[in-house]
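Working notes, beginning with the structure itself.
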Amino acid sequence: MLESPTVNPYTINDHPLAVVPSSKDLGVLVNDKLTWDLQISSVVAKANKTLGFLRRHFGVSLTGPAHTEGRCTYHWCTPT
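Quick note on numbering that gives the first Met the number 0: the sequence shown kicks off at 0 and runs consecutively.
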């Protein structure tokens, strides 16, 4: 028979800290089970947003022409 884990309440200046299912520390998402699921989901979502931006604004595709990088660099680095 498995026993439930002992939960010790943590306090700061006699104020109890809330128990949360996940937290972000130094840019890394950590959950109560110490798995990478939330971190990976977050990174994938951010990459998809960036890819969507590039596709909308520059017509970039994963199999697009080699000069796409030059178009993006020219657009962002050329003074107006």
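Backbone N, C-alpha and C define an ideal beta-carbon position, used for all residues, glycine too. Values in this document were obtained by computation on a predicted structure and should not be read as measured data.
CB of residue i within 9 Å of CB of residue j, strictly
i: Ser21; j: Asp31; result: yes
i: Leu25; j: Gln38; result: no
i: Val6; j: Val19; result: no
Any non-hydrogen atom of the ligand ADP closer than 8 Å to residue i Cβ
i: Tyr9; result: You won't find the ligand ADP in this model; it holds no ligand whatsoever.
Reduced DSSP secondary structure (H/G/I, E/B, other) of residue i
i: Asn47; result: helix
i: Ser3; result: coil
Residues bridged to residue i (per DSSP)
i: Val87; result: This structure does not reach residue 87, given that the chain is present from 0 up to 79, and the question cannot be answered.
i: His14; result: Ile11
Whole-number beta carbon distance between residue j and residue i, since they are thought to touch under 8 Å
i: Thr10; j: Leu16; result: 7 Å
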